[in-house]
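As you go down the protein sequences, you meet chains B and P in turn. Under the numbering used here, think of the first position of the first sequence as 12, with each following residue one higher. Under the numbering used here, think of the first position of the second sequence as 3, with each following residue one higher. Glycine residues also receive a C-beta, built at the ideal position from the N, C-alpha and C atoms. Just below is one structure, and these are the notes that go with it.
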Amino acid sequence: MNNSIILQANDISKTFRFGKQELAVLKSINLSLPMGSSLSIRGESGCGKTTLLNILARIENADAGTLLWGQRSMDCERKARPDEVAHRANFLGVVYQAYYLVPELSVLENVTLSARISGSLDRSFVERAHDLLKKMGVADKADQIPGKLSGGERQRVAIARALLNQPKVLLADEPTGNLDERTGEDVMSLLLNACSEEGASLILVTHNQAFARATNQQSVLTEGKLNEV
Amino acid sequence: MKIPWPLFLAWKQLFPSRKIVSFFSLLAVVGVALGVNVMIVVVAFMKGFQHKFREDIIDAQGHARAIPLSRTKEWRILQNELLLMPKVSSVTPYLQGPLLVQKKDYHSVPLTIGIDLSRGEPVLPLDEFLENGQMRLEAHDAVDVTPVPASSSLHDDVVFVSQYVANRLGVRPGAILRMGDSKGQQDDALGVSVYEFSVDVPSAEWHLEYLGKQVWALRSPGLGFAREIKPVDGLLIAGPGTPTFATISPFLEPEIGAKSTYQTFRASTIEVFSPAMIEQAQADEMVPPKEVRVGGIFEVPWQGFHAEAMIGSFRMFEDMRTTTGLCDGMFLKFSQDISNNEESLYAFCEELELARSMDWAFVPWFVENAWFFDLLKFEEYLMILIMVPIGLVAAFAIAIALMTTVLRKIREIGLLVAMGGARGAVGAIFCIQGFLIGLLGAVLGCVLALLFIRFRDDIMSFIVVRIAGDEGKVGVAQFYDFYSLYVPYPWESSESASTFITFALFAVFVSTLAGLIPAWRAARMNPADALRNE
Ligand SMILES: Nc1ncnc2c1ncn2[C@@H]1O[C@H](COP(=O)(O)OP(=O)(O)OP(=O)(O)O)[C@@H](O)[C@H]1O
Ligand SMILES: [Mg+2]
């Protein structure tokens with residue numbers, strides 16, 4: 012049973028301190044994500060959803076708690092080690108609300124960036140990038156620069172980029188937050204389809220109830236606790 | 003081939019996909035290029051001036067002077083010895099001292115140098131000095147076609163005087179003018195030009211006519227002179243007291259009966275007294291002065307040379323002193339390998355001195371002009387002092403430019419770390435960017451410097467004419483010798499090459515260093531904070 016859990020968080024707490032003020036954002040969060048499944052997290056603005064995703068991605072430290080990436084167990088209090096950083100490139104893909112495409116690179120170069128960073132870029136990755144772009148419906152934009160794309164197109168490119176290394180888990184932080192309703196729906200269905208086709212597990216942060224319902228598990232983050240619904 | 007991804011990103015930030023160049027990087031590269039250009043050009047020009055001063059001093063007195071320490075009559079032996087040495091390229095013995103010269107009521111006491119030009123190349127480029135000093139007459143309907151006087155015309159009754167002396171006494175060398183409104187030094191209608199104009203040509207009007215078949219007739223009705231002349235080795239020589247013509251090449255057969263009129267003015271005479279003669283005159287003895295003709299006016303480019311100066315033959319000076327077999331010293335010039343470098347020149351002079359058991363002192367030019375040499379060195383230090391802040395300003399500009407990109411790219415930096423980029427590699431992007439900007443800037447700066455050196459005269463004229471008009475242009479040429487400045491290209495001189503390379507490397511080094519600060523900042527950044535950055 013434990014074998015099929017791809018991502019697991021135990022007792023993760025995080026408190027931000029600025030001066031004398033303390034803000035306990037996460038209080039002993041537990042979470043486990045079976046392989047190939049999806050989990051949605053909703054919550055009010057500022058309740059700590061992005062912080063949680065950052066901790067799951069080991070971009071940010073927690074004050075306490077442990078994390079399992081597949082078989083790899085990590086202590087969340089310390090900074091990510093270089094080997095964990097390198098491992099992350101193949102284990103995790105992240106999609107952000109604000110796309111974060113590199114403006115100087117073409118769409119294709121953006122998509123293949125992660126392979127380039129891990130030093131494994133070759134023809135097969137370029138072909139895979141083209142496939143993913145086709146899957147996301149933006150194959151014709153491969154040579155375009157991100158500055159010339161619409162918001163929906165940018166997010167599709169960002170999803171293709173996150174999926175390039177065949178990550179086990181995809182973290183999506185309000186991927187439709189900057190998009191209008193129609194476009195958001197299109198992008199979301201593309202995201203869900205792509206994840207199941209690629210076999211990637213998904214953690215989706217969203218405000219949209221309808222999108223949340225499309226995932227296997229649904230949860231809400233309130234007052235630092237993650238509650239299943 | 004796989005390029006490391008930080009290099010790829012650094013390159014792409016400078017030259018983005020689907021764009022020729024990013025505006026930011028263009029600014030940074032141009033900034034570096036301008037800095038490199040300024041530094042190279044300033045140094046190259048300073049070196050050019052140094053070179054020119056050096057050449058001018060050496061022209062005015064040779065690489066060294068041999069000065070007798072005891073009144074010796076052996077100078078001809080020394081001259082022979084020196085001339086036999088392969089490292090010595092020319093030797094000019096001289097006598098020197100003040101002589102009183104007089105023209106009517108005007109006097110001057112120029113420092114007079116009597117030089118012996120009988121053996122080999124003279125050390126002083128006298129012909130150049132004469133060319134510098136020549137003042138042509140401006141006349142309406144006539145052209146001054148006097149040839150530049152040659153040092154070979156320095157006979158015992160001829161002297162060359164400096165411009166200052168000429169003006170003071172109101173004297174000038176002989177002149178020949180071609181009448182009529184045709185311009186140019188050559189007499190195209192007759193296929194000839196004036197080749198030589200000696201001091202014994204009297205003032206007169208001359209008619210030159212082409213008679214056909216390579217025969218010309220030279221007549222002067224006033225002098226009762228008429229002669230037909232044929233060219234010998236291209237020269238038309240009609241005998242003493244007449245101007246010598248040369249046929250021009252390519253020779254075009256003139257029309258038979260073609261005629262030109264020339265007007266000649268005889269060279270001024272001046273009277274010369276030696277100090278001994280003046281003493282005798284004071285003792286009421288009758289001493290006739292020596293009469294000499296002004297053979298030419300010279301100008302020595304080096305400002306340190308005596309303004310009130312006269313050059314005569316060695317024999318004339320001996321006559322004035324009524325001594326023989328003495329010399330006051332010798333101007334010396336050595337082969338390139340000795341003279342190129344101060345140390346070897348100094349060593350060689352020492353060697354010569356020791357070999358002559360200290361009968362003669364051999365004084366290198368930079369010892370004699372130590373003050374000036376020190377000034378040149380000081381100028382060099384000053385130059386470095388100016389260069390350092392220029393370099394720092396350039397470095398600051400690059401650092402600020404790169405820092406701005408880091409600030410612009412904070413969220414991307416977070417993204418790259420989140421995508422598995424190592425912090426060191428992320429920092430390297432900015433370091434590499436600094437390096438690339440430095441490299442491109444250095445190359446562009448060198449190209450700009452080459453263009454600047456190539457078109458320096460045009461640029462200078464452009465600026466000067468705009469500020470001071472055409473007169474200013476003359477001033478620049480006259481006082482600063484800007485237009486004759488020797489500024490070598492890097493492939494012409496190793497010194498120039500090392501200037502280019504030094505400043506190019508400096509720019510690359512400083513830019514890389516300047517990229518280090520933003521690189522360090524980027525590498526230290528917390529990715530979560532970076533991603534949140536607005
Ligand atoms: N580095 C930080 N220092 C101090 N406080 C922080 C820091 N990062 C986040 N916070 C605070 O933590 C809380 C949670 O932030 P977070 O971005 O996780 O919220 P969120 O649930 O993603 O909100 P939204 O839905 O608006 O994106 C916020 O109140 C924020 O002000
Ligand atoms: Mg958020």
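| Item | Value |
| --- | --- |
| Proximity below 8 Å, CB of glycine 416 (chain P) to CB of alanine 97 (chain B) | no |
| Residue from B:Arg165, B:Leu79, B:Asp191, B:Thr61 with nearest C-alpha to alanine 530 (chain P) | B:Thr61 |
| Buried/exposed call for histidine 65 (chain P), threshold 16 Cβ in 10 Å | buried |
| Below-8 Å beta-carbon distance, isoleucine 70 (chain B) vs any chain P residue | yes |
| Contact between the stretch 125-132 of chain P and the stretch 324-331 of chain P (3+ Cβ pairs under 8 Å) | no |
| Own chain residues within Cβ distance below 8 Å of serine 154 (chain P), not counting five before or after | Leu119 |
| Alpha helix (DSSP H) segment containing serine 27 (chain P), residue limits | 25-63 |
| Partner residues on chain P for leucine 124 (chain B), Cβ-Cβ distance less than 7 Å | Met421 |
| Residue environment, aspartate 154 (chain B), which counts as buried when at least 16 other CB atoms sit within 10 Å | exposed |
| Helix, strand or coil at glutamine 98 (chain P) according to DSSP, with G and I counted as helix | strand |
| Length of the line joining the Cα atoms of asparagine 13 (chain B) and leucine 160 (chain B) | With a pLDDT of only 46 at asparagine 13 (chain B), under 50, the local geometry of the prediction cannot be trusted, and the value read off the model is given with reservation. Approximately 43 Å, taken between the alpha carbons. |
| Within-8 Å CB hit, arginine 224 (chain B) to chain P | no |
| Cβ shell of alanine 581 (chain P) (< 7 Å), same chain only, five flanking positions each side left out | Residue 581 (chain P) cannot be examined here, being either before or after the span of chain P that is shown, 3 to 536. |
| CB contact check: alanine 403 (chain P) to chain B, cutoff 8 Å | no |
| Within chain P, the residues that alanine 100 (chain B) reaches when beta carbons sit closer than 9 Å | Met421, Gly422, Gly423 |
| Rounded straight-line distance, which links the Cα of phenylalanine 316 (chain P) to that of arginine 170 (chain P) | 24 Å |
| Proximity winner among P:Thr324, P:Gly297, P:Gln305, relative to isoleucine 313 (chain P) (alpha-carbon distances) | P:Gly297 |
| Of the listed residues P:Ala46, P:Trp7, P:Ile22, P:Val23, nearest to alanine 500 (chain P) (C-alpha basis) | Here the sequence assigns serine to residue 500 (chain P), which means alanine is not the residue at that position. Per the Cα distances, P:Ala46. |
| Residue-level contact to chain B via CB, serine 24 (chain P), 8 Å cutoff | yes |
| Where the alpha helix (DSSP H) through histidine 141 (chain B) begins and ends | 134-146 |
| Closer than 5 Å: residues whose CB approaches a heavy atom of ligand 1 | B:Phe27, B:Val36, B:Ser56, B:Gly57, B:Cys58, B:Gly59, B:Lys60, B:Thr61, B:Thr62 |
| Contact list for glutamine 15 (chain P) against chain B, beta-carbon separation under 8 Å | Glu115 |
| Where methionine 318 (chain P) falls, given that 16 or more other Cβ within 10 Å makes a residue buried | buried |
| Within-8 Å CB hit, isoleucine 156 (chain B) to chain P | yes |
| Within chain B, partners of tryptophan 7 (chain P) - CB distance below 7 Å | Arg127, Ile128 |
| Coil, strand or helix - proline 70 (chain P) by DSSP | strand |
| Beta-carbon spacing of proline 178 (chain B), glycine 104 (chain B) below 8 Å | yes |
| Cutoff 8 Å: alanine 12 (chain P) Cβ touching any chain B Cβ | no |
| Touching by the beta-carbon criterion (3+ pairs, under 8 Å), the stretch 390-409 of chain P and the stretch 86-96 of chain B | no |
| Closer than 8 Å to chain P by CB, asparagine 65 (chain B) | yes |
| beta-carbon glutamate 536 (chain P) near ligand 4 non-hydrogen atom, thresh 7 Å | Ligand 4 is not part of this structure, which contains only ligand 1 and ligand 2. |
| Contact test: aspartate 531 (chain P) Cβ vs ligand 2 heavy atom, cutoff 7 Å | no |
| Which of helix, strand or coil DSSP assigns to tyrosine 348 (chain P) | helix |
| Contacting positions in the stretch 405-417 of chain P - beta carbon closer than 7 Å to chain B | Arg413, Glu414, Leu417 |
| Exposed unless 16 or more other CB atoms sit within 10 angstroms - verdict on glycine 224 (chain P) | exposed |
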